[in-house]
Amino acid sequence: MIVLQVNRLTKSFSGVPIIENAQLEVQHRDRVALVGRNGAGKSTLLKIIAGEMNYDEGDIIIPKDITVGYLEQHSHIDSELSIWDEMLTVFEPVRQMEKQMRHLEQQMANLNPQADQEAYDEVFKAYDAIQVDFTNNKGYQYESDIRSILHGMQFYPEHYERPVNVLSGGEKTRLALAKMLLQNPKLLILDEPTNHLDIETLSWLEKYLASYEGAILIVSHDRYFLDQITTITYEIARNEVTKYPGNYSFYLDEKAKTYERDMKRFEREQTEKAKLEQFIQKNIARASTSKMAKSRRKVLNKTEWMDAPDGDERSAQFSFSTKKQSGNDVLSVDDLAIGYGQNVLAQQIDMRVYRGERIAIVGPNGVGKSTLLKSIVKRDTPIAGSIRYGTNVEIGYYDQEQATLVGNGTVLQEIWNDWPLMQEKDIRTLLGRFLFSGDDVEKPVASLSGGEKARLSLAKLMLEQSNTLILDEPTNHLDLDSKEVLENALDDFPGTLLFVSHDRYFINRLATKVMELTPTGIVEYLGDYNYYVAKKEELIDLNILQVEEQAAPSTAEEEHKQERREQKKERRKYERIVERVEREMAEIEAKLDELNEQMHDPALANDHEQLIELQTTIDAEQEQHDSLSEQWLEATEQLEQLE
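Using the UniProt record's numbering, read the sequence shown as starting at 1 and increasing by one per residue.
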């Protein structure tokens with residue numbers, strides 16, 4: 001069932017087109033990602049679909065029975081109610097039903113069926129009808145749903161009575177997301193829902209959305225999140241919307257293949273065009289060949305030659321270098337306590353950082369990750385403990401709040417103030433690499449967007465040539481292309497990296513070690529984010545085993561419990577396999593549907609080369625699907641044996 005259809009939608013601002021002839025379709029239970037560069041029009045399209053912005057041409061079709069929930073970027077709740085009471089407002093109709101049920105129950109208790117059977121039957125009939133509606137609207141579980149979602153968003157019973165208006169901006173954003181999930185619309189539209197969420201909350205949200213009953217349309221810069229949730233990707237680029245039948249990683253692969261194919265076609269056409277032009281130039285003046293040349297010129301002028309496939313989009317281009325190498329021991333932290341005044345966020349922090357290491361610091365919001373980095377770069381004073389720096393260590397610091405930007409001048413002056421000996425043309429060349437060109441360099445720093453400030457901060461960081469980079473949420477505000485450029489630059493960086501990030505894809509790409517900050521110290525994991533997650537799961541399983549072992553009263557019972565534990569462990573393993581394989585099979589099935597649609601496209605009927613290429617892709621995808629089916633059968637058989 002179609003829940004949303006966008007047909008030939010066009011939107012302009014001051015005569016400049018943002019979206020042209022956009023086509024988009026969302027079916028029931030689809031998980032759709034909308035991607036594109038900052039400024040491409042993603043949020044604009046979501047606002048139009050949600051009815052919060054008008055459009056110039058086209059149609060948006062949403063069936064009457066489809067409820068739409070829209071959570072815009074940076075949205076939050078302002079209310080004088082408590083957290084719990086604010087969540088209850090979602091279920092006001094259900095609560096009114098509940099009050100009516102109590103009233104009818106009281107009426108039935110006061111009536112004597114033998115004395116007035118007709119009145120009693122009438123009340124009982126009304127009660128029966130409203131009870132059915134109450135049940136269908138989850139009346140018996142709405143409080144449980146509130147507790148479950150608030151817990152997932154890290155609001156616990158001790159927080160329920162806190163007034164909403166005293167919460168921080170990040171907490172209000174999380175609460176707005178919780179309220180939207182409780183509303184349970186049939187079409188859920190989310191614009192950057194992962195902002196202000198730590199890794200634990202992100203993992204919970206991914207699992208919740210995976211089993212969500214309705215359709216989901218998401219804009220997000222979190223690639224790991226998109227890969228886990230979405231099965232269809234729409235890209236907005238150069239004012240057009242293009243569909244890719246897979247998650248974000250599939251989209252990147254297909255886009256690269258399309259670019260390579262289009263580039264070959266473009267080069268063939270350019271060669272053909274050059275031959276025509278050369279023939280016309282040589283023969284147009286000759287009487288014997290002039291007629292042929294004029295005929296070729298008509299062909300040249302009538303032919304719709306393909307534009308270069310890369311269009312006019314640009315990516316930032318930069319790299320990080322060092323002036324000199326540090327010693328092997330970069331940083332030693334001993335028995336550190338961090339916080340503000342009497343508020344200790346974390347203590348007993350011990351860590352060692354060695355040259356060339358790439359360390360990601362993770363942990364829940366509020367545990368002090370940013371405070372730890374600020375203590376290391378001497379922006380904050382630790383409550384206790386010591387920090388020692390190695391020989392020749394030169395630290396470059398990226399602040400997620402862009403506090404390193406002065407902000408009282410232009411972009412050009414921001415660089416010139418710190419590097420007064422640089423020539424203006426060199427500064428302009430540098431800024432051009434960070435996508436500040438022409439009049440952009442004269443913009444006031446205070447007026448820059450979050451993404452522009454992030455790129456300017458990175459430009460200053462690059463000029464410092466520090467051998468140790470300490471980065472606090474460096475991917476915040478960056479679009480997906482800029483993130484990839486930053487990753488490539490850091491991957492080639494010859495020095496030491498210590499960074500805080502909620503971007504799990506970023507951590508996976510760069511980290512050689514993960515340090516989890518807790519209120520009572522740091523736990524090290526010698527690998528990337530996936531290794532960290534796997535080890536955490538192992539530790540949870542081990543803790544469960546230890547608890548069960550401590551409670552074991554006898555050898556026989558212990559053997560029985562040990563057997564059950566092994567079975568549980570095996571079952572969890574195969575359940576994970578089944579879950580993964582089903583997700584991958586669904587993605588391939590979506591790809592196959594799209595490829596088969598292309599095979600039956602009349603426009604390709606005579607394009608044998610394209611049809612052969614499509615059939616080869618279909619065969620490869622089908623082979624992968626068959627392989628996954630075998631894995632699924634094996635795993636489900638194992639699960640049946642473990643029942």
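Heads up, the beta-carbon is just placed ideally off N, CA and C, and yes, glycines get one too. In this text, all values refer to a predicted model and were calculated from it rather than measured experimentally.
8 Å Cβ cutoff met for residue i and residue j
i: Leu611; j: Val500; result: no
i: Val578; j: Ala511; result: no
i: Leu197; j: Leu209; result: no
i: Ala360; j: Val514; result: yes
i: Ile338; j: Gly368; result: yes
i: Thr10; j: Gly58; result: yes
i: Gly139; j: Met108; result: no
i: Asn137; j: Val68; result: no
i: Leu628; j: Glu594; result: no
i: Ala33; j: Thr233; result: yes
i: Met180; j: Leu71; result: yes
i: Leu448; j: Leu456; result: yes
i: Ser466; j: Glu394; result: yes
i: Gly438; j: His477; result: no
i: Val353; j: Leu517; result: no
i: Val445; j: Ile383; result: no
i: Ile376; j: Ile470; result: yes
i: Gly246; j: Lys483; result: no
Endpoints, the beta strand (DSSP E) within which residue i is located
i: Pro17; result: 16-27
i: Ala237; result: 232-237
i: Gly368; result: Here Gly368 belongs to no beta strand (DSSP E), and DSSP marks it neither H nor E.
i: Lys324; result: Per DSSP, Lys324 belongs to no beta strand (DSSP E) and is neither H nor E.
i: Met153; result: Note, Met153: premise wrong, no beta strand (DSSP E); not H, not E.
i: Ala293; result: Note, Ala293: premise wrong, no beta strand (DSSP E); alpha helix (DSSP H) at 290-302.
i: Thr242; result: 240-244
i: Gly170; result: Premise fails: Gly170 lies in the alpha helix (DSSP H), 169-183, not in any beta strand (DSSP E).
Separation of residue j from residue i, as counted between CA atoms
i: Ser168; j: Leu633; result: 49 Å
i: Pro157; j: Ser82; result: 12 Å
i: Gly495; j: Gly327; result: 11 Å
i: Val3; j: Ile60; result: 11 Å
i: Tyr55; j: Leu24; result: 15 Å
i: Gln562; j: Lys207; result: 29 Å
i: Glu640; j: Lys573; result: 13 Å
i: Ile415; j: Lys453; result: 12 Å
i: Glu143; j: Gln117; result: 36 Å
i: Asn165; j: His502; result: 26 Å
i: Gln342; j: Gln317; result: 45 Å
i: Ser14; j: Glu524; result: 54 Å
i: Lys425; j: Arg433; result: 13 Å
i: Val26; j: Ile146; result: 28 Å
i: Val6; j: Tyr248; result: 21 Å
i: Arg565; j: Arg571; result: 10 Å
i: Thr242; j: Gly396; result: 40 Å
i: Ile77; j: Glu86; result: 9 Å
i: Gly170; j: Asn184; result: 22 Å
i: Ala459; j: Ala605; result: 51 Å
i: Leu100; j: Tyr224; result: For the sequence presented, residue 100 should be read as Gln rather than Leu. Distance between the alpha carbons of Gln100 and Tyr224 is about 46 Å.
i: Arg8; j: Gln631; result: 42 Å
i: Glu269; j: Lys298; result: 16 Å
i: Met1; j: Lys64; result: 13 Å
i: Lys535; j: Asp528; result: 11 Å
i: Phe124; j: Glu161; result: 37 Å
Per DSSP, cross-strand counterpart(s) of residue i
i: Asp59; result: Asn7
i: Val377; result: Per DSSP, none; premise fails for Val377.
i: Phe499; result: Ala360, Leu471
i: Tyr70; result: Ile189
i: Val32; result: Leu217, Ile232
i: Leu336; result: Ile349
i: Glu524; result: Met515
CB-CB length for residue i against residue j, believed under 8 Å
i: Val441; j: Val411; result: 5 Å
i: Phe266; j: Ala293; result: At roughly 25 Å, the Cβ-Cβ gap does not stay under 8 Å, so Phe266 and Ala293 are not in contact.
i: Leu182; j: Leu217; result: The Cβ separation is near 19 Å, so there is no contact.
i: Ala237; j: Gly39; result: Between Gly39 and Ala237 the Cβ distance is about 11 Å, and since that is not below 8 Å, they are no contact.
i: Asp491; j: Tyr398; result: With 8 Å as the limit, Asp491 and Tyr398 do not qualify as a contact, their Cβ atoms being about 16 Å apart.
i: Ile427; j: Gly385; result: That pair is no contact at about 41 Å.
i: Val406; j: Asn417; result: 7 Å
i: Leu150; j: Ala178; result: 6 Å
i: Leu276; j: Arg296; result: 5 Å
i: Val330; j: Met351; result: That pair is no contact at about 11 Å.
Start and end residues, alpha helix (DSSP H) containing residue i
i: Arg352; result: No alpha helix (DSSP H) holds Arg352; the beta strand (DSSP E) holding it covers 343-354.
i: Thr616; result: 608-642
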